[in-house]
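S.K.:
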Amino acid sequence: MTVSEPVIELTRIEKVYHAERPEIAVRAVDGVSFKVEAGESIAVVGPSGCGKSTLMHLIGCLDRPSGGVYKINTKEVSQLSDDERAKTRNRYIGFVFQTFNLLPRLSALENVELPLLYGRGSAAKERALRALQRVGLADRAHHLPSELSGGQQQRVAISRAIVTGPSLLLADEPTGALDTKTSLEVLDILDELNREGTTLIIVTHDLSVARRMRRAIKMRDGRVEADGSPEVVLGPRLQPEPVAEGGE
54 MTVSEPVIEL TRIEKVYHAE RPEIAVRAVD GVSFKVEAGE SIAVVGPSGC GKSTLMHLIG
114 CLDRPSGGVY KINTKEVSQL SDDERAKTRN RYIGFVFQTF NLLPRLSALE NVELPLLYGR
174 GSAAKERALR ALQRVGLADR AHHLPSELSG GQQQRVAISR AIVTGPSLLL ADEPTGALDT
234 KTSLEVLDIL DELNREGTTL IIVTHDLSVA RRMRRAIKMR DGRVEADGSP EVVLGPRLQP
294 EPVAEGGE
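If you read the sequence shown in the numbering used here, its first letter stands for residue 54, the second for the next number, and so on.
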């Protein structure tokens with residue numbers, strides 16, 4: 054029996070920020086170690102300031118760790134150059150953020166095309182349109198972000214995240230700026246992508262979102278406090294937990 058390699062592997066990862074005085078250091082991520090297997094769905098939870106968004110930036114190669122070893126598909130990426138990390142992001146990772154991060158003067162289609170401009174072929178427009186069709190927005194392809202609802206903008210952002218065919222999708226509070234109904238629609242799309250094989254990691258304050266994942270990692274003071282099933286990490290559901298309207 055062949056054992057597959059993990060999609061990502063973190064070993065004693067640290068991120069330390071230094072103030073003006075060198076002896077004062079803030080350990081935003083402090084010795085975090087865990088593996089993520091292909092096809093997993095994981096919620097990263099914890100109080101504000103616990104290090105979960107910093108950890109997401111490290112996993113997404115948006116920032117460089119201060120120490121430790123980070124591997125994506127067995128490739129060590131901790132010490133890559135900025136250009137090499139950008140290529141790694143473009144090849145393996147898609148991002149979805151709370152604030153959508155769409156360029157206001159570009160149409161939905163043009164926003165989705167942007168990741169394809171980095172080392173991709175001439176069929177970018179067709180691929181971008183297929184990605185919009187994937188989330189039910191082909192008929193809004195030529196609309197500006199200001200002409201779209203918040204939920205539609207987030208679906209455009211998901212299209213942009215998946216247009217390169219990443220194996221890993223990172224979502225940082227993807228429902229934080231959405232109402233309950235729209236949040237559920239966005240989560241349904243993310244669930245479907247995960248069922249089709251995309252590895253999914255979501256940072257969230259919302260326990261109802263976290264409980265939809267198959268694994269939860271709870272952080273506190275830059276460290277992993279608990280890692281396991283949502284039922285174990287988050288505790289039993291004592292009452293209904295509707296998806297919160299708006300972010301923190």
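Where a beta carbon is used, it is the ideal one built from N, C-alpha and C, also for glycine.
Predicted model, so just to flag it, every value in this text is computed and none were measured.
(1) With H, G and I counted as helix, E and B as strand and the rest as coil, what does DSSP make of His195?
(2) Using beta-carbon positions only, say whether Leu221 and Ile146 come within less than 7 angstroms of one another.
(3) Pull the bridge partners of Asp116 from the DSSP assignment, please.
(4) Could you check where the alpha helix (DSSP H) with Val286 kicks off and where it finishes?
(5) Only counting the same chain, and skipping five residues up and downstream in sequence, which positions put a Cβ closer than 7 angstroms to that of Arg193?
(6) Under the rule that 16 or more other beta-carbon atoms within 10 Å means buried, what is Gln132, buried or exposed?
(7) Could you name the residues that DSSP lists as bridge partners for Met109?
(8) Please report the distance separating the alpha-carbon of Val98 from that of Ala269.
(9) Can you give the Cα-Cα distance for Gln186 and Ile211, rounded to whole angstroms?
(10) Can you tell me whether Leu167 is helix, strand or coil according to DSSP?
M.R.: Short version:
(1) coil
(2) yes
(3) Paired residues: none, contrary to the question.
(4) Pro283 to Leu287
(5) Ala161, Leu201 and Gln205
(6) exposed
(7) BP columns for Met109 are empty, so no partner.
(8) 7 angstroms
(9) 11 angstroms
(10) helix
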